[in-house]
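In order, the protein sequences belong to chains A, B, C and D.
Heads up, the first sequence is in our numbering, so the first residue is 21 and it goes up one at a time.
Heads up, the second sequence is in our numbering, so the first residue is 21 and it goes up one at a time.
Heads up, the third sequence is in our numbering, so the first residue is 21 and it goes up one at a time.
Heads up, the fourth sequence is in our numbering, so the first residue is 21 and it goes up one at a time.
In this text, a Cβ means the ideal position worked out from N, Cα and C, and glycines have one as well.
Working notes for the structure below.
Number of protein chains: 4
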Amino acid sequence: MSLFLCDYAEGAHPEIMKRMEQTNFEQTYGYGNDPHCEKARNYIKDICKAPDASVYFLVGGTQTNMTVIAAALRPHQGVISPDTGHINVHESGAIEHTGHKVLACPTPDSKLTGDMVREVGRADITNHTRTHMVQPKMVYISVPTEQGVMYSKADLKDLRAACDEYGYYLYADGARLGYGMMSEGADVTLADMAALTDVFYIGGTKVGALFGEAVVITNPSIAEDFDYIVKQNGGLLAKGRLLGIQFETLFENDLYFEISKHAVDMAMRIKNAFKKAGCSFLIDSPTNQQFPLLTDKEYKAFEGRCELWGEAMDGFKAVRFCTSWATKEEDVAALEEEIARVCAR
Amino acid sequence: MSLFLCDYAEGAHPEIMKRMEQTNFEQTYGYGNDPHCEKARNYIKDICKAPDASVYFLVGGTQTNMTVIAAALRPHQGVISPDTGHINVHESGAIEHTGHKVLACPTPDSKLTGDMVREVGRADITNHTRTHMVQPKMVYISVPTEQGVMYSKADLKDLRAACDEYGYYLYADGARLGYGMMSEGADVTLADMAALTDVFYIGGTKVGALFGEAVVITNPSIAEDFDYIVKQNGGLLAKGRLLGIQFETLFENDLYFEISKHAVDMAMRIKNAFKKAGCSFLIDSPTNQQFPLLTDKEYKAFEGRCELWGEAMDGFKAVRFCTSWATKEEDVAALEEEIARVCAR
Amino acid sequence: MSLFLCDYAEGAHPEIMKRMEQTNFEQTYGYGNDPHCEKARNYIKDICKAPDASVYFLVGGTQTNMTVIAAALRPHQGVISPDTGHINVHESGAIEHTGHKVLACPTPDSKLTGDMVREVGRADITNHTRTHMVQPKMVYISVPTEQGVMYSKADLKDLRAACDEYGYYLYADGARLGYGMMSEGADVTLADMAALTDVFYIGGTKVGALFGEAVVITNPSIAEDFDYIVKQNGGLLAKGRLLGIQFETLFENDLYFEISKHAVDMAMRIKNAFKKAGCSFLIDSPTNQQFPLLTDKEYKAFEGRCELWGEAMDGFKAVRFCTSWATKEEDVAALEEEIARVCAR
Amino acid sequence: MSLFLCDYAEGAHPEIMKRMEQTNFEQTYGYGNDPHCEKARNYIKDICKAPDASVYFLVGGTQTNMTVIAAALRPHQGVISPDTGHINVHESGAIEHTGHKVLACPTPDSKLTGDMVREVGRADITNHTRTHMVQPKMVYISVPTEQGVMYSKADLKDLRAACDEYGYYLYADGARLGYGMMSEGADVTLADMAALTDVFYIGGTKVGALFGEAVVITNPSIAEDFDYIVKQNGGLLAKGRLLGIQFETLFENDLYFEISKHAVDMAMRIKNAFKKAGCSFLIDSPTNQQFPLLTDKEYKAFEGRCELWGEAMDGFKAVRFCTSWATKEEDVAALEEEIARVCAR
C-alpha cells in the first residue's frame with residue numbers, strides 16, 4: 021500500500037535519474053566549479069530575474085539554514101522565527117550550535133506578519149537594557165510554512181517593509197517552495213522571492229531531487245565569503261556537479277513547477293475526499309500537506325501511512341497526509357475510496 | 021537623593037573593604053590557589069553541609085551561568101528555564117554563544133514547577149522526532165527569581181523529583197540568594213540548596229561583595245575539569261584571592277545573612293509604605309525587590325531613582341524599587357514619607 | 021583528454037547507479053531508518069567483526085570529521101593531528117567552529133606515531149599550568165594520509181597503545197581507506213580498524229560512491245546520542261536510503277575492495293612510468309595518489325590534468341596525479357606514453 | 021621570604037585602594053555607565069591622542085582576548101599569532117571556543133615580524149584551495165611578548181604596513197604594556213599603539229590594579245556593538261565603576277608609567293645580578309620578566325620563589341623572575357646578595 025507519510029519517501033524524478041546516468045563518466049572539477057552548476061546557476065538567476073544574485077547549492081535544509089544564518093549574523097545577533105519554524109523546532113539546536121538565539125514568536129497560523137516583526141523591533145529599540153539582550157537582525161520564514169500555509173505577495177511585501185524599518189534581513193526557507201508557489205491562489209513567483217528577501221532557498225530534496233537546496237543571495241553582504249562558510253559548516257559537496265545536474269534538470273524546462281503542481285493537485289483530491297467525508301482540518305492548507313482531524317478509529321485505518329501530527333481538541337488526532345512529485349494518481353484514487361469508506365460520518 | 025535602582029550601586033561592605041586593605045601586600049599564588057580561597061571554600065562547604073562539594077569562585081553572574089552550562093551539557097542538549105529567566109532574557113545570548121538552546125517555559129509568576137518540567141520531559145520522550153530536537157538536560161531556576169519570588173523547600177523538592185524522573189540536572193542561579201533566604205516565610209537553607217541541586221551559586225556581587233559568585237557543585241560529573249572550563253570562558257581571575265577574601269569575610273561570621281536580612285527589612289518597609297498608600301504590585305515579592313504599580317504622575321516623582329520595569333494594565337507603570345546590604349535606614353525613612361505624600365489615593 | 025586531478029571527478033560506480041535506478045520508486049522512511057541502511061550497517065559490522073559497533077552514514081568528509089569530534093570532546097578538549105591533517109588544513113576551520121583546537125604535530129612524512137602522541141601526553145600531564153591549556157583528548161589520523169602514505173597494523177597498534185596510556189580516543193579518517201588497504205604491503209583490514217580505533221570512517225565519496233561516508237563507532241561513549249549530533253551538524257540526509265543503497269552495493273560483494281585495487285594498480289603504473297623516466301617523488305606513496313617532482317616545462321605538458329601541489333626544492337614542482345575506481349586503463353596507457361615522452365631526462 | 025613568581029601576587033597600588041575606599045558608598049549606575057569610567061575613558065583617549073577611539077573596561081586578559089577576537093572576526097576567519105602567544109598557549113582554547121582558529125607562526129624570539137605576516141598573506145592569496153582554509157584576518161601580538169621582549173616603533177610600523185597590504189586587523193595584547201613601554205630603549209607610546217593598531221589593550225591586572233584591562237578600539241568596524249559582545253562573553257562587570265576608579269587613578273597623574281618604571285628598574289637589578297654571577301639567559305629581556313638559566317642546584321635555592329619555565333639546553337633550567345609595581349627594593353637587595361652567593365661560577 022502506498023505511503024503518504026512525507027515528501028521524501030522516494031528517490032528522484034526519472035528525468036533527473038536519467039541525467040545522472042548520462043553524465044556519470046564526465047570528468048569535472050569538484051565543489052561546484054563545473055559546467056552543470058554553472059548552467060543551473062544561470063537558469064535560476066534568469067527565472068529569479070536576479071542577474072547579480074549569488075547562487076549556491078547545498079545538500080539539505082538544516083545545513084542550509086545553519087550556513088545562511090552563520091554567514092549573515094554577528095555573534096550577538098539572533099533570528100526572529102515563528103515558534104513553529106523549522107529552525108526553532110526540528111534542527112536539534114543547529115542554529116544555537118552556530119551561536120545564535122532563535123527569537124521565537126507565537127503565531128495563530130504559523131505565518132509571521134510584518135506587525136509581529138515590528139513589535140519585536142519596537143520592543144528592542146525602546147528597551148534600555150537592550151545591550152544585555154540578543155539583538156534581532158534577521159527574520160526567518162518558511163514559504164510555505166511547516167503547516168502548509170502559503171504567504172501572499174502582499175504578506176511578503178509587508179514583511180520586507182517591516183524588515184527595512186528595523187534593518188533586518190529577510191530569509192525564506194523554501195524547502196517546499198514549489199508546492200507553495202503552485203498552490204491555488206498563490207501569487208508569489210521566484211522573481212518575487214528574489215526581490216523581496218535578502219536570501220532564500222529553493223528546495224530540491226522534497227521537490228523532485230535526490231537531495232539539494234539552491235540558495236539565492238541577493239544581499240551582497242551575506243554573499244561575502246559564503247563559500248568559506250559553506251565549507252566550514254560541512255555543506256560543500258565534493259561532487260558538486262550532482263547538485264548542478266539536478267537543478268539544471270529542474271529548471272531548464274519548468275519541470276520544477278510541473279511536478280509541484282502535480283503534488284498540489286493530488287493533495288487537493290485528498291483534501292476534498294476528507295471534506296466530503298465530513299472531516300475538519302487542523303489548519304486550512306492549500307499545499308501538498310493536509311492535516312485532517314481523525315477519530316482514533318479512523319486514524320487506526322491509516323496508521324503507518326500518514327504521520328501522527330499531534331492530539332487535537334475533542335479527542336481528535338491531527339494527522340498529516342503528504343503528497344509529492346512522486347505521488348501516483350492511482351494511489352490517490354484508492355485513497356479517496358478508502359477515505360470515503362473509513363471516515364463517513 | 022538616594023537611589024533604589026538596583027542592588028549593585030555601591031561598592032562593598034566595609035568589612036570586606038577592610039580585609040582587602042589588610043591583605044593588600046600579602047603575596048599569594050594566583051588563580052584561586054591561595055589560603056583565602058581555601059578558607060572560603062571550607063566555610064562554604066561547612067555551611068552547605070557538603071564536604072565533598074567542589075567550590076569555585078567566579079566574577080559575575082552571566083559568566084557563571086555560561087560556564088556552568090557549558091561544563092554540564094553536551095552540544096545537542098538544552099536548558100529548561102522560565103521565560104523570564106536571566107539566561108533567557110538578559111545575557112545577550114551568552115548561553116547560545118556556548119552552543120546551547122534555552123528551552124523557555126511560560127510561567128504565571130516567574131517560578132518553574134516540577135510539573136512544568138515533567139511536561140517538557142514527557143513531550144520530549146514521547147516525540148517520535150526527538151532526535152531532530154534539542155534534548156532537555158538541565159533545569160535552570162533563579163532563587164529567588166528575577167521578579168523577587170522565592171522558592172520554598174517543597175518547591176525545590178518537587179523540582180528535584182521531576183529532574184530525577186527525567187534525568188535532568190537542577191541548577192540554581194543564586195545571584196540574590198541571600199535576599200531570598202532571609203525573606204519572610206522562606207524555609208530554604210544553603211544546605212538545602214546543596215542537597216537539592218546538582219550545582220548552584222551564591223551571589224556576592226549583589227550581596228555585599230565588590231563582585232564574585234561562589235559556585236557549589238555537588239554532582240561530580242559537572243565538576244570534572246571545571247577549572248579548564250572556567251579558564252576557557254574567561255572567568256578565571258588572576259588575583260583569585262580577591263574572591264577568597266570576600267567570601268571568607270561574608271561567611272566566617274554570618275555576615276552574608278545579616279546584611280541580606282537588613283536589605284529585606286528595608287524592602288518590607290518600602291512595600292508597606294506603598295501598600296498603605298493604596299498601591300498595587302506587579303507581583304507579590306517578599307525579597308529585596310519591590311514592583312509597585314504607579315500612575316504616570318507618581319512615577320515622575322521617583323523617576324531616576326527606581327527602575328521602569330514595564331507598562332502594566334490600566335495605564336499603570338510597573339517600577340522596581342531595590343534595596344541592598346547598603347541601603348540606609350534614613351534613606352528608607354525619607355522614602356516612606358515621600359511615598360505617603362506622592363501616592364496618597 | 022583524461023584528467024588525473026582528483027578522485028572525485030566522476031559520478032559513481034555503474035553498479036551503484038543501477039541500484040539507485042532500480043530502487044528509485046521504493047517508498048522508505050527517511051533519515052536512515054530504511055532497509056537499505058539496515059542492510060548496509062549489517063554488512064559493515066560483519067566485515068569489521070564488530071557486532072556491537074554503531075554505524076552511521078554521513079554525506080561528506082568534513083561534515084563527518086566535525087560531527088565525530090563534536091560528539092566526542094568536551095569544550096576544553098582538543099584533537100591531536102599531524103600538521104598536514106585534513107582537519108588542520110582543509111576544512112575552513114570546521115573543527116574550531118565546533119569549539120575545539122586542533123593540536124598540530126609536525127611529522128616527517130605525514131604519519132603520526134605513538135611516540136609523538138606520548139610526547140604531547142607527557143608534556144601535558146607534567147605541565148603545572150595545564151588547566152590553562154587545551155586538554156588533549158583525541159588523536160586524529162588519516163588512513164592513508166593526505167600524502168598517500170599508509171599506516172601498518174603495527175603503526176596502529178602503537179598509536180592505540182599510546183592513546184590508552186594517556187586516555188585518548190583514536191579516530192581515523194578513512195576518506196581513502198580502500199586505496200590504503202589495497203596498496204602494496206598494506207596489512208590493515210577493516211576489522212583491524214574497528215579493533216584499534218574508537219571510531220573511524222570508511223570513505224565512499226572517493227571510492228565508488230556518488231557521496232557518503234560510513235562512520236563506525238566502537239566506543240559507546242562516542243556513540244551516545246550520536247544521531248542528535250549528526251542532525252545538529254547538518255549531516256542528516258533526508259533520503260538516507262541513498263547512503264544505504266550505496267554502501268550496500270559497495271560491501272555486499274567486495275566491490276569496495278575490487279575497485280580500490282584497480283585504482284592502486286593504475287597509480288602504480290603511473291608511478292613506474294615517472295620512475296622509469298627518471299623522476300623523483302615528493303613522498304613515496306603506495307596508494308592512489310602520486311606526487312612526482314617535475315620541471316616547469318614538464319609540468320606545463322600536464323597542466324590542468326594534474327594538481328599543482330607545491331614548490332619543491334631545486335626549482336622542481338610537486339604535482340599530484342590521482343587515480344580512482346573510475347580511471348580507465350586506456351587513459352593510463354596514454355599517460356604512460358606521454359610521461360616517457362615528456363619527462364625523459 | 022619574598023616571591024618573584026609572577027606580577028599578580030599582591031593586591032593593588034595603595035593609591036587605588038584609597039580611592040576604592042573613598043568612593044565605596046557612592047551610588048552609581050552599573051555596567052560602566054558611571055562618572056569614574058567616563059573620566060578614565062577620557063584620560064585614556066587623551067593620552068592615546070585618539071579622541072574618536074572607543075574605550076571599554078574588562079576584567080581580565082583571556083576575557084579581553086576572546087571578546088575582541090569574537091567582535092572582529094567572521095566565523096571562517098582566523099588570527100595569526102606567534103606560536104608562543106598567550107591566545108595560542110595559555111587560554112584553554114578560549115579563542116577556539118568562540119569558533120576561531122589561531123594560526124600559529126614559529127618565531128625565533130617570540131616577536132612576529134611584518135615579513136612573517138606577509139608570508140602568511142602571500143600563501144593564502146596564492147592558494148587555489150583557499151576557500152577550504154581558514155581565512156587570515158587579524159594579527160595578534162603581545163607588547164611586550166610573553167617572553168619579555170619589546171617591539172620597537174619600527175617593528176609596529178612594519179606590522180601595520182604588512183596588515184594593510186593584506187587587509188588584516190592588528191591587535192595588541194598589552195597585559196604588560198607598561199613594563200614594555202618603560203623598558204630601556206623602548207620608543208613606543210600609547211599614542212603610537214593607538215595609531216598603529218586597530219585595537220589594543222592596556223593591562224591593569226599586572227600593572228597596579230586589582231584587576232582590569234582597558235580596551236582601546238580605533239577601528240570603528242570592531243567597535244560596532246562591542247558592548248553586546250562584552251556582555252555575551254561574560255565580561256561586563258556589574259559594578260563597572262570599580263574599573264573606572266582604577267584606570268582613573270592609574271592615568272590621571274602618570275601613576276601607570278611610574279610604577280611600571282619601578283618594576284623595570286627592579287628587574288634590571290636582578291638581571292645584572294645574574295649577569296655578574298656569570299649566568300646566561302633564555303632570552304634577552306629588557307622588561308619586568310627575566311629568564312636566567314640555572315643549574316639544578318642553583319634552581320633548588322630559589323625554588324618556590326621563581327617560576328620554572330622549562331628545560332634549556334645543556335642541562336640548565338630556564339626560570340622566570342618577575343617584578344611588578346609592588347616589588348620592594350629591600351627584597352631585591354636581598355635577592356641580589358643571594359644570587360651572588362648561590363650562582364657564583
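For this session: Measure the alpha-carbon distance for B:Asp54 versus C:Gly50 and round it to whole angstroms.
Result: Taking the second sequence and counting its residues from 1, one reaches residue 54 of chain B at position 34. Taking the third sequence and counting its residues from 1, one reaches residue 50 of chain C at position 30. About 57 angstroms.
For this session: Tell me, please, whether the CB atom of B:Ser112 is closer than 8 angstroms to any CB atom in chain D?
Result: Residue numbering aside, residue 112 of chain B sits at position 92 when the second sequence is read from its first letter. Yes, B:Ser112 lies at the interface with chain D (some Cβ there is under 8 angstroms from its Cβ).
Problem set entry | Minimum Cβ-Cβ distance from A:Lys251 to chain D less than 8 angstroms | Counting from one through the first sequence, the residue named residue 251 of chain A turns up at place 231. It does; some Cβ of chain D falls within 8 angstroms.
Exercise. Would you report the Cα separation of A:Val99 and A:Tyr186, rounded to the nearest angstrom?
Worked result: Sequence index remark: in the first sequence, residue 99 of chain A carries index 79 (1-based). Sequence index remark: in the first sequence, residue 186 of chain A carries index 166 (1-based). Distance between the alpha carbons of A:Val99 and A:Tyr186 is about 13 angstroms.
Exercise. Exposed or buried, what is D:His148 when buried is set at 16 or more other beta-carbons lying within 10 Å of its beta-carbon?
Worked result: Stepping through the fourth sequence from its first residue, residue 148 of chain D is reached at position 128. Flag for D:His148 reads exposed.
For this session: Could you work out which residues of chain D lie near C:Glu116, taking near to mean beta carbons separated by less than 7 angstroms?
Result: Residue mapping note: residue 116 of chain C aligns to position 96 of the third sequence, counting from 1. Glu116, Gly119, His120, Lys121, listed in chain order.
Exercise. Taking only beta-carbon atoms, is D:Met153 less than 8 angstroms away from chain C?
Worked result: Within the fourth sequence, the letter at position 133 stands for residue 153 of chain D. Taking Cβ atoms only, chain C reaches closer than 8 angstroms to D:Met153, which makes this a yes.
Exercise. What residues in its chain sit with their C-beta under 6 angstroms from that of B:Leu256, if we drop five residues either side in the sequence?
Worked result: Counting from one through the second sequence, the residue named residue 256 of chain B turns up at place 236. Cβ within range, chain order: Tyr51, Val250.
Problem set entry | Range covered by the alpha helix (DSSP H) that runs through C:Thr299 | By one-based count along the third sequence, residue 299 of chain C stands at place 279. Inspection of the sequence shows that residue 299 of chain C is occupied by Cys rather than by Thr. Taken as a continuous stretch (DSSP letters only), C:Cys299 belongs to no alpha helix (DSSP H), as it is neither H nor E.
Exercise. Quick one: is B:Asn273 buried, meaning 16 or more other Cβ sit within 10 Å of its Cβ, or exposed?
Worked result: Here residue 273 of chain B is taken as the residue at index 253 of the second sequence, counted from 1. Exposed, since its Cβ has fewer than 16 Cβ neighbours within 10 Å.
Exercise. Would you call the region 86 to 98 of chain C and the region 136 to 146 of chain D touching, i.e. three or more CB-CB distances under 8 angstroms?
Worked result: no
Exercise. Can at least three beta-carbon pairs, one atom from the region 191 to 201 of chain B and one from the region 36 to 51 of chain B, be found at a separation below 8 angstroms?
Worked result: Because the criterion of three Cβ pairs below 8 angstroms is not met, the region 191 to 201 of chain B and the region 36 to 51 of chain B do not touch.
Exercise. Who are the Cβ neighbours of A:Ala195 in its own chain at under 8 angstroms, not counting the five residues just before and after it?
Worked result: As a position in the first sequence, residue 195 of chain A is number 175, starting the count at 1. The residues are Gly81, His106, Ser162, Tyr221, Gly223, Thr225, Lys226, Glu233.
Exercise. Could one say the Cβ of D:Gly187 lies closer than 8 angstroms to chain C's Cβ atoms, at least one of them?
Worked result: For the purposes of this step, residue 187 of chain D is taken as the residue at position 167 of the fourth sequence. Interface with chain C (8 angstroms Cβ-Cβ cutoff): D:Gly187 is excluded.
Exercise. Looking at C:Gly254 and C:Phe77, is the spacing between their C-beta atoms short of 8 angstroms?
Worked result: Reading the third sequence from its first residue, position 57 is the one you call residue 77 of chain C. Reading the third sequence from its first residue, position 234 is the one you call residue 254 of chain C. Against a cut-off of 8 angstroms, the Cβ pair of C:Gly254 and C:Phe77 comes out as no contact.
For this session: Kindly indicate which three-state DSSP category C:Pro55 falls into: helix, strand or coil?
Result: Taking the third sequence and counting its residues from 1, one reaches residue 55 of chain C at position 35. In the structure shown, C:Pro55 sits in a helix (DSSP, three-state: H, G or I).
Exercise. Which residues in chain A sit within 7 angstroms of B:Pro95, going by Cβ to Cβ distance?
Worked result: In the second sequence, the residue the question calls residue 95 of chain B occupies position 75. In chain order: His117.
Problem set entry | For B:Ala73, the nearest candidate out of B:Gly260, B:Asp218, B:Glu278 (CA to CA) | Indexing the second sequence from 1 puts residue 73 of chain B at position 53. The candidate whose alpha carbon is nearest that of B:Ala73 is B:Asp218.
Problem set entry | Partner residues on chain D for C:Thr43, Cβ-Cβ distance less than 9 angstroms | Taking the first residue of the third sequence as 1, we reach residue 43 of chain C at position 23. Correct list: empty, because the minimum Cβ distance to chain D is about 33 angstroms.
Problem set entry | Length-filtered (3 minimum) beta strand (DSSP E) runs lying within the region 116 to 192 of chain B | 122 to 125, 155 to 162
Exercise. Of the choices D:Met333, D:Arg361, D:Cys326, whose alpha-carbon is the least far from that of D:Cys18?
Worked result: Any property of residue 18 of chain D remains undetermined from this structure, which presents chain D solely from 21 to 365.
Exercise. Under a three-way DSSP split, which group does B:Lys337 fall into?
Worked result: To locate residue 337 of chain B, count along the second sequence from 1; it is residue 317. It is a strand residue.
Exercise. Is B:Ser203 helix, strand or coil when you go by DSSP?
Worked result: What you label residue 203 of chain B is simply residue 183 of the second sequence in a count that begins at 1. Coil, per DSSP.
Exercise. What does DSSP give as the partner residues of C:Phe246 in its beta bridges?
Worked result: As a working mapping, residue 246 of chain C is identified with position 226 in the third sequence. BP columns for C:Phe246 are empty, so no partner.
Exercise. With distances taken from CA atoms, which of B:Met153, B:Gly168, B:Val236, B:Ser22 is nearest B:Pro71?
Worked result: Taking the first residue of the second sequence as 1, we reach residue 71 of chain B at position 51. Distances from the alpha-carbon of B:Pro71 to those of B:Met153, B:Gly168, B:Val236, B:Ser22 put B:Val236 closest.
Problem set entry | C:Ala215 versus C:Tyr191, C:Phe231, C:Gly205, residue with shortest Cα-Cα distance | Numbered from its first residue, the third sequence carries residue 215 of chain C at position 195. Among C:Tyr191, C:Phe231, C:Gly205, the Cα nearest to that of C:Ala215 belongs to C:Tyr191.
Exercise. Should D:Thr104 be labelled buried (16 or more other beta-carbon atoms within 10 Å of its own) or exposed?
Worked result: Here residue 104 of chain D refers to the residue found at position 84 of the fourth sequence. Classification for D:Thr104: buried.
Problem set entry | Given D:Phe277 as reference, the closest of D:Ile64, D:Val122, D:Val79 once Cα atoms are compared | One-based indexing of the fourth sequence puts residue 277 of chain D at position 257. Measuring from the Cα of D:Phe277, the nearest candidate turns out to be D:Ile64.
For this session: Quick one: which residues of the region 217 to 250 of chain D get their C-beta closer than 7 angstroms to a C-beta of chain A? List them in chain order.
Result: Asp245, Asp247, Tyr248, Ile249
For this session: Show which residues of chain F have a CB atom less than 8 angstroms away from the CB atom of D:Val75.
Result: Absence of chain F from the displayed structure is noted, the protein chains being A, B, C and D.
Exercise. Is it a yes or a no for the region 163 to 171 of chain D touching the region 300 to 311 of chain D, going by three-plus beta-carbon pairs under 8 angstroms?
Worked result: yes
Exercise. Checking contacts by CB at 8 angstroms: is A:Ala90 closer than that to chain D?
Worked result: Your numbering for residue 90 of chain A matches position 70 in the first sequence. With 8 angstroms as the cut-off, A:Ala90 counts as an interface residue toward chain D.
For this session: Could you say which of D:Lys295, D:Val109, D:Leu132, D:Cys342 lies nearest to D:Tyr28 if we only look at CA atoms?
Result: Along the fourth sequence, one-based indexing puts residue 28 of chain D at 8. Among D:Lys295, D:Val109, D:Leu132, D:Cys342, the Cα nearest to that of D:Tyr28 is on D:Cys342.
Exercise. Given that a residue counts as buried once 16 or more other Cβ atoms are within 10 Å of its Cβ, and exposed if not, what is B:Lys157?
Worked result: Reading the second sequence from its first residue, position 137 is the one you call residue 157 of chain B. Per the 10 Å Cβ criterion, buried.
Exercise. Under the three-state reduction of DSSP, which class applies to A:Glu30: helix, strand or coil?
Worked result: As a first step, residue 30 of chain A must be located in the first sequence, where it is residue number 10. Here A:Glu30 sits in coil by DSSP.
Exercise. From the beta carbon of A:Thr87, is the nearest beta carbon of chain B less than 8 angstroms away?
Worked result: Counting from 1 along the first sequence, the entry for residue 87 of chain A is found at position 67. By this cut-off, A:Thr87 is not an interface position.
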